[in-house]
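From first to last, the protein sequence lines stand for chains A, B, C and D. Per my numbering, the very first residue in the first sequence carries number 1; after that it's consecutive. Per my numbering, the very first residue in the second sequence carries number 357; after that it's consecutive. Per my numbering, the very first residue in the third sequence carries number 713; after that it's consecutive. Per my numbering, the very first residue in the fourth sequence carries number 1069; after that it's consecutive. Note that CB positions come from ideal geometry on N, CA and C, so glycine has one too. Reviewing the structure listed below.
Protein chains: 4
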Amino acid sequence: MSSSTFGRLFSVTTFGESHGEAVGAIVDGAPPGHAISVEAIQYQLDRRRPGQSAVTTQRKESDTIHVLSGLFEGKTTGTPICLIAYNEDARSQDYEKLKQVYRPGHADMTYAAKYGIRDYRGSGRASGRETLGRVAAGAIARQILAPLGPDIVAGTVQVADVRADQRDWAEAEKNSVRCPDKSAAADMEKVILAAREDHDSVGGVVEIVARGVPAGWGDPTMEKLDAEIARAMLSIPAIKGVEIGDGFAGALLRGSQSNDAMGAGPGGFLTNHQGGILGGISTGQDIVVRIAVKPASSIAKAQQTVDVSGQPVEIKIEGRHDPCICPRVVPVAEAMMALVLVNAWLRQRALRGDVY
Amino acid sequence: MSSSTFGRLFSVTTFGESHGEAVGAIVDGAPPGHAISVEAIQYQLDRRRPGQSAVTTQRKESDTIHVLSGLFEGKTTGTPICLIAYNEDARSQDYEKLKQVYRPGHADMTYAAKYGIRDYRGSGRASGRETLGRVAAGAIARQILAPLGPDIVAGTVQVADVRADQRDWAEAEKNSVRCPDKSAAADMEKVILAAREDHDSVGGVVEIVARGVPAGWGDPTMEKLDAEIARAMLSIPAIKGVEIGDGFAGALLRGSQSNDAMGAGPGGFLTNHQGGILGGISTGQDIVVRIAVKPASSIAKAQQTVDVSGQPVEIKIEGRHDPCICPRVVPVAEAMMALVLVNAWLRQRALRGDVY
Amino acid sequence: MSSSTFGRLFSVTTFGESHGEAVGAIVDGAPPGHAISVEAIQYQLDRRRPGQSAVTTQRKESDTIHVLSGLFEGKTTGTPICLIAYNEDARSQDYEKLKQVYRPGHADMTYAAKYGIRDYRGSGRASGRETLGRVAAGAIARQILAPLGPDIVAGTVQVADVRADQRDWAEAEKNSVRCPDKSAAADMEKVILAAREDHDSVGGVVEIVARGVPAGWGDPTMEKLDAEIARAMLSIPAIKGVEIGDGFAGALLRGSQSNDAMGAGPGGFLTNHQGGILGGISTGQDIVVRIAVKPASSIAKAQQTVDVSGQPVEIKIEGRHDPCICPRVVPVAEAMMALVLVNAWLRQRALRGDVY
Amino acid sequence: MSSSTFGRLFSVTTFGESHGEAVGAIVDGAPPGHAISVEAIQYQLDRRRPGQSAVTTQRKESDTIHVLSGLFEGKTTGTPICLIAYNEDARSQDYEKLKQVYRPGHADMTYAAKYGIRDYRGSGRASGRETLGRVAAGAIARQILAPLGPDIVAGTVQVADVRADQRDWAEAEKNSVRCPDKSAAADMEKVILAAREDHDSVGGVVEIVARGVPAGWGDPTMEKLDAEIARAMLSIPAIKGVEIGDGFAGALLRGSQSNDAMGAGPGGFLTNHQGGILGGISTGQDIVVRIAVKPASSIAKAQQTVDVSGQPVEIKIEGRHDPCICPRVVPVAEAMMALVLVNAWLRQRALRGDVY
C-alpha cells in the first residue's frame, strides 16, 4: 500500500532505511516550469542534518542531495523528481546487539508485530533518517509556493518546562535549539545538556506558522486543511499531538471569546483564536500549529525491556543520539506544512482555475 | 476531488446539506458476509441526534436511517452500502437573514472564499449534520470490528475548567454530557447551562479509547495509525487539537519516564505513556486519544462581524443551537475511530493475510 | 475498497442493486458555480432507459432522477451531488428460480467465488442497471465540459457482421440501434430481431468520438489518457475490447503510414491514425475510440450450465432482456468518456492553471 | 499528481528520463517476508534490454539493477523498494537537432502542449526506457505471485500481416521476435528486417496469458479486472488497443456461442470465449489478453512535420531504433499483468482474508 506517500496532487513517496544504501524521495505531480535551486534543497537538508550542534546526534552524514530526474535546465518538467542521498556513516555493527531486543519507546516491537520481519539496523525505516526525503521534497514545494505568497516559519517553543515568550522567527535560526526567544533558548539548551548528562532525553513543543496563505485553501469535510496538517504532523516520528490556533487551551474559552470577530483587521478578522482555519478552509490569516514532541527514545540510561522471545532484559542504548529532537523536527515540520499547502493550492486551482 | 471520502479500503463518502433533501453516506469496501443490524446503526444515530437533552439543540429530527443498497438478507455483500436520512425539520427561513452575513467562528467566509458560491441555509455542508453519515458508517465498521476484539469508548473529560478524574465509561452514557465521572458530569452540566443562560457556549475535551486492538495495525511512515487518527479527528467540525497518550503533557517528561518499559504487563508493556502506538503501529495496549473541542460557534449573544460586502454589522444568532457540543461529538469521534481501525485491519489483512 | 469509484478529481461512486431500493451515484469534486439542468440529466437517462424500442428489454422503469444534494439555486456548490433513482419494476420473483444456478456468460459464478455471498435478484450489482448512476454523473460532466469545447458523440458501428460505412452522428439518434449510418441501421435492426426470434442475442461494436478536446489533456505514463479511456470503457458491463484510432488495424501499417504527418491541417495534423492521442496526451484532434460489445448474456435459448453445487443443469433465461445491448451502451460509453475528460481537464488545470 | 504510479496496494512509481541520470521505480506495499532474487529481476530486465538481437535497437545499456532499499537478508520487509538503473549510453547530442522539431508519431507536440516545457533528449520521459522500472517492479510481483499459482506468458502473435497459429510459449523465448509459433517467427523476422531495410517500421499484436489465477480476483464495477488490465496495457508506450478473450471477434458471435457453457471442464467451464473474466472478476480459467502495438514511431525515412513554431519541415530520424517493438513489449506487458494481478490478490486478501 502506498503508505509511504503524502499528497494526492503533489505526491511525495519516501524510501530508504537508516543503514541501507540510500534514503530519498520521489516527487510526482510538481507543476511544470518552476525554477528549482538544488542549493536551496541542500540548505534545508543541512538544517535537518545530524551533527549540527552540541544538542544533536554526532552521526556524520553530509546528506548531499542528488536530483536524478524531473528537472531540466533548472526547471520542473512536470515529471517525477527523484531525490536521493547516499548513506555514509552507517555503523550497522552498533546495532547487532540490539537485534534481539525491543528498545523501549522505539518501534522495534511494533514493526515485528506488523511485518514479522524487520531491518533492525539503526531502526531501519523507523529512523528519523526517513525524514530526509520529506525535507528535500518540502524544499521543492517551498520554492514553488514562495512566489504565490506562502512562507513557513517554525521553532522550538517549549523544552521540558521552559517556554518561549517571544516569537522572533529570525532569532530561531540563530540558536542551537531553534527557539524564537533568545533568552528561553539559553535555558532550553541547559535543560537539554543536563538531560544528556543524565544519559536521558527531554521533550518539547514546536510551533509552525504559515504566513501569506490566501483564504479558500483546504477542503471542508474529510480533508479539512487542519485535518491534513494534523495527519502530516503526526506522520513525523516522535510527534504525539497537534493543535491549531488556541487548540486545547480553547476548551477554556467561551464562544464569544473564541469566535474571531470580524471588522477592519487584515482579511477582516480582529483576532486569530482559530489559527487561520475555519471549517477546514484557510481564512487568509496566519495558520498557527503546535506539535508535541516526545523525549527522544534512544537514551544511554539503563531501561527495563524484553527480548524478542519475551524475556526481561536491561538495556542501555549506546551510540550517537539526539538528547532532544525539537531542533531537528523544526525543518521537518516546515517541510510537511509546505507539502500540505502545495497540495491545497493545486487542489484549489483544479477546482477554481478561474481565480487562481 | 473526493475530499468527502474517508478511508481507502473501507471508504466512506458523506453527502448532503443541513437543509437539503437528505444527508447520508456511501460505504464502499465493506468486506462481505458480515451481519449488520440496522437497529445498531440507529442506536448510534440516536446518540448523535439533536434534542436529546437540555444541553443539546432542540432541532427535531428523527434521523431515521434507510439502507438502500449493499445489504442482502441482513449481511454485507461487499458492494456499496447507501445510508440515507431525509431531513425533516429544516427551517431554512431562519437562515434567510444570515444570507448576507459572515457569522464569527463559522465557515461562512471561508466557503465563500473557496467556492464563490454557498448554500447558506443552516451552514449547508459545514453543518454538524454532515456527521450523521459518519456515525452511520462508523456503526457498520463497529459491528464488523467487534468480533475481532476492538471496542471503542469515549466521553467528555473536560468542559471549560471542569475536568473528569474518573474514567468510568459505563457512567458516560448515563449523564447528559457523556462524562465518565459522575460527579464532574454534574458540574459540567451546570457550566453548560450557565453559558446558555448567558447566550454563550463553552468548549471542552473528549477522550476516545480503543480497547482490544491487536499489535501491528497501522503503517509506519506517512500513514501512521496516529496520523490517520489525527486526520480523522480534525475532520470533525469544531475540533482544534488531538493528542495521543501523554500528548502535550509528554513534553514535560524525560525519555526514561516517557518510554514505556516492557516486562510482564499486558502485551509486555508496564505503562502506556505512548497511548498504544509506537512508530505509527499499534502496540496491543489501549489506544488513548484526546481531542480539543472549541466552544460552539452559534451563540445568541451579540457579536461584531462583517457582511458579504465587508461592512461591519452586529449579529445575534437566534435559533436552536448546542451550548456545548462535546456530548454530541462523542459518538462522532467514536465513529471516526472505528473507520480508522477498520481500514487498518483490512490493510493489515491485505499485507499479512497469513496471520489475520 | 473504493472500487465503485471512477475519477480522482471529479469522483463518481455508484451504488445500488438491480432489484434493491434504488440505484444512483455520488459525484464529489464537481467544480463550483456551474449551472446544471436536471432535465439534461434526465434526457441522458431516458436514452439509457429500458423499453425504448423493439430492440431493448421491456422492463418498465421511469428512471426519474432525484438530486438530493450538491446543487443550490441550479448551480454546483462544489460539494457532493447525490443522484438517485428509485427502482419500480423489480420483479424479484423472476429470479428466485435462478438462485441456485450460475447463468452462462453472467457474473453469478464469479461473484460467488469473490464474495461468498451474492444478491442474486436481477444480477444484483452486476446488472446493467448499475450504469444508471454513471449516465447521470456523466450528464453533469458533459454540462460542465460543454462551454470548454468538448462534445461527445457515439453510435453503434457494427452489429454481428453488419458494419456502418457512414458516420452521420445526427442520424444515430434517429434509429433504434443508434447507428450513424441509416442504411446499415435497418440491416442491424433485422439482425437483432432475428436473433431475438431465435431466443438468442448478438454482439457489436460501438464507436465514441470526443470532438473539441484541447491538446495537452491526459498524463504521460501510468495514467495516459488512452489508458484511462480503456479502463473507463472496460468497466462497462459486456465490453471486451477497446481500441484508439486505427487500433488493431494499425498493426498492419508501417510507421511511415501510421505516424500522422504534420503540416497545415487542423492543429497541424494531416491525418488521425493515432486517434487524437500521442504519448497518452490529447493532440487536439478528434479522440476516436471503438469498443467491442459482447452478445447479451441473458438468452431464452436452452444452455448447459451448473448449479451452485456444481451439478450440470439446463437453463433457459426467461424474462425481459436486450437482444443486443449496443444501443443502450451508447449513452453509457459517452458518459464514461465525459468522466475521463472532466478529470483530465481538472488535472490539467491543477497543473497549469496559468493557461487553463 | 501521482500519475506515474500504478496500483493502490502494491504501488509502483516509475521515475527517470531516457537521457537523464537514471531510470527506476519505487515499489511500495510489497507484503513482507517474501524472498526476492535480484538475479530474477535482472533476468526480466535483460529480456527488455536494447541490443538483444538484429530486430532491436543497438543502444548499449547494461541495465544493471540496484536495489537501494526495502529488502533485508533477501526478503521483502514491507517497506518501499527502490529499484534503479543508471543510464550509460545516453548520446544526447543525437537529439540536439530534434529540439526544435515535432517528430511524427511521437509525443513531442503533446508534451509541449501539456507542460509548456520538455526534456527533448531521447524523448525524455516518453521514451520506452521508462518501462525499465515497470519490468523491475513486475519481476518482484511475479516472484511474490508464483507460489500462489499465477504464471504469466506472452509473445508476439502478429507482425504486419503475419499471424501465429501456434501458442507454444516455450518457443516464444527462443526466437528474436518472441513468437510462440516457430514457423511464423521466421516470417515475422523477415518482415521486420524488410521494413528496416526501407528505413521504416512495422506494427503487430502481442498476446498475454495469465494461467493459474484463482476465481474471485478483481472488482465488479469501476475497477473490473479487465478494466485494470486494459488501463495497464494502454499505459505502455505504443499500445493502441486491448481485447480480452474473443474481444472484437466476439461481436460476430451470438450469445449462445459467446456464453461459456459450464459442465465438467476445469473450474466448470467448457470453453473460454470470455478470456477468463466475467463481470470483472476472474473465473479461474486462463486470462487471455491481446494488445495492438503500433509501428515504431522513430523511422529513418523522410517524414513531413512541423517545427515548434509551426513551420513545415522534413525530418529523418537517425539514431538507434527498433524497427518493431513487439519483442520488447512482451516483457513489459507481462510485467504490467503481474502488477494488476498482485494488486488483485492483495485486495481480495483484504476483503476475504478468511479464505486467502
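Beta-ladder partner(s) of residue i, from DSSP
i                : result
L990 of chain C  : C:I993
I920 of chain C  : C:A866 and C:V1001
P1024 of chain C : C:V1018
Y86 of chain A   : A:A22
F248 of chain A  : Beta-bridge pairing links F248 of chain A to no other residue.
K787 of chain C  : C:A747 and C:F784
R163 of chain A  : A:Q158
M1330 of chain D : D:F1337
H66 of chain A   : A:I84
T487 of chain B  : Partner(s): none; T487 of chain B has no beta bridge.
V457 of chain B  : B:D663
Contact set for residue i: own chain, Cβ-Cβ below 6 Å, skip 5 residues either direction
i                : result
R908 of chain C  : P1035
D1219 of chain D : R1279 and G1280
A1403 of chain D : R1202, V1203 and G1206
Residue i, enclosing beta strand (DSSP E) - first and last residue
i                : result
V739 of chain C  : A734 to D740
R1079 of chain D : Reading off the sequence, residue 1079 of chain D comes out as Ser, not Arg. S1079 to F1083 is the extent of the beta strand (DSSP E) around S1079 of chain D.
Anticipated Cβ contact below 8 Å, residue i with residue j, distance rounded
i                : j               : result
G203 of chain A  : K301 of chain A : With a Cβ gap of about 15 Å, G203 of chain A and K301 of chain A do not count as contacting.
F625 of chain B  : Q641 of chain B : 6 Å
V368 of chain B  : V383 of chain B : 5 Å
S1072 of chain D : P80 of chain A  : 5 Å
Contact set for residue i: own chain, Cβ-Cβ below 7 Å, skip 5 residues either direction
i                : result
V1400 of chain D : R1116, T1199, R1202, V1203 and I1304
A1298 of chain D : V1310
R415 of chain B  : P406, G407, D445 and R676
G1315 of chain D : R1358
I41 of chain A   : I65, A136, A139 and I140
E1089 of chain D : Y1154 and N1155
P576 of chain B  : G635, G636 and I637
Residue i, enclosing alpha helix (DSSP H) - first and last residue
i                : result
E584 of chain B  : L581 to L590
K1182 of chain D : D1176 to Y1183
K182 of chain A  : K182 to E197
G241 of chain A  : Here G241 of chain A belongs to no alpha helix (DSSP H); instead the beta strand (DSSP E) covers I239 to I244.
M337 of chain A  : C326 to L351
Q408 of chain B  : First-last for Q408 of chain B: undefined, no H or E at that position.
V914 of chain C  : That residue, V914 of chain C, is in no alpha helix (DSSP H); it is neither H nor E in DSSP.
A884 of chain C  : W881 to A884
G1032 of chain D : Residue 1032 of chain D is absent from the structure shown; chain D starts at 1069 and stops at 1424.
Residues of its chain near residue i, where Cβ-Cβ distance is below 8 Å and the 5 sequence neighbours each way are ignored
i               : result
L346 of chain A : L9, F10, G29 and P31
E670 of chain B : A658, Q659, Q660 and T661
Using a Cβ-Cβ cut-off of less than 9 Å, give me the residues of the stretch 1069-1086 of chain D that come near chain A, in sequence order.
M1069, S1070, S1071, S1072, T1073, G1075, R1076, L1077, F1078, S1079, T1081, T1082, F1083, G1084 and E1085
Would you list, in chain order, the members of the stretch 830-849 of chain C that have their beta-carbon closer than 8 Å to a beta-carbon of chain B?
R830, D831, G836 and R837
Would you list, in chain order, the members of the stretch 91-117 of chain A that have their beta-carbon closer than 9 Å to a beta-carbon of chain B?
Y102, R103, P104, G105, H106, A107, D108, M109, T110, Y111, A112, A113, K114, Y115 and G116
The stretch 1099-1122 of chain D: which residues have C-beta closer than 9 Å to a C-beta of chain B, in chain order?
P1099, P1100 and G1101
In the stretch 1373-1385 of chain D, which residues sit with their C-beta less than 8 Å from some C-beta in chain C, listed in chain order?
T1373, V1374, G1378 and P1380
What are the residues of the stretch 788-801 of chain C that lie near chain A, defined by any Cβ-Cβ distance shorter than 9 Å?
G790, T791 and P792
Please name the residues in the stretch 325-351 of chain A whose beta-carbon is closer than 8 Å to at least one beta-carbon of chain C, in chain order.
L346, R347, R349, A350 and L351
Under 7 Å, CB to CB, which of the residues in the stretch 190-222 of chain A have a partner in chain B?
A195, D200, S201, V202, G203, G204, V205, A215, G216, D219, P220, T221 and M222
Relative to chain B, which residues along the stretch 250-275 of chain A have a C-beta separation below 9 Å, given in chain order?
G250, A251, L252, L253, R254, G255, S256, Q257, S258, N259, D260, A261, M262, G263, A264, G267, G268, F269, L270, H273, Q274 and G275
If contact means a Cβ-Cβ distance below 9 Å, which residues of the stretch 508-530 of chain B contact chain A?
Q514, V515, A516 and D517
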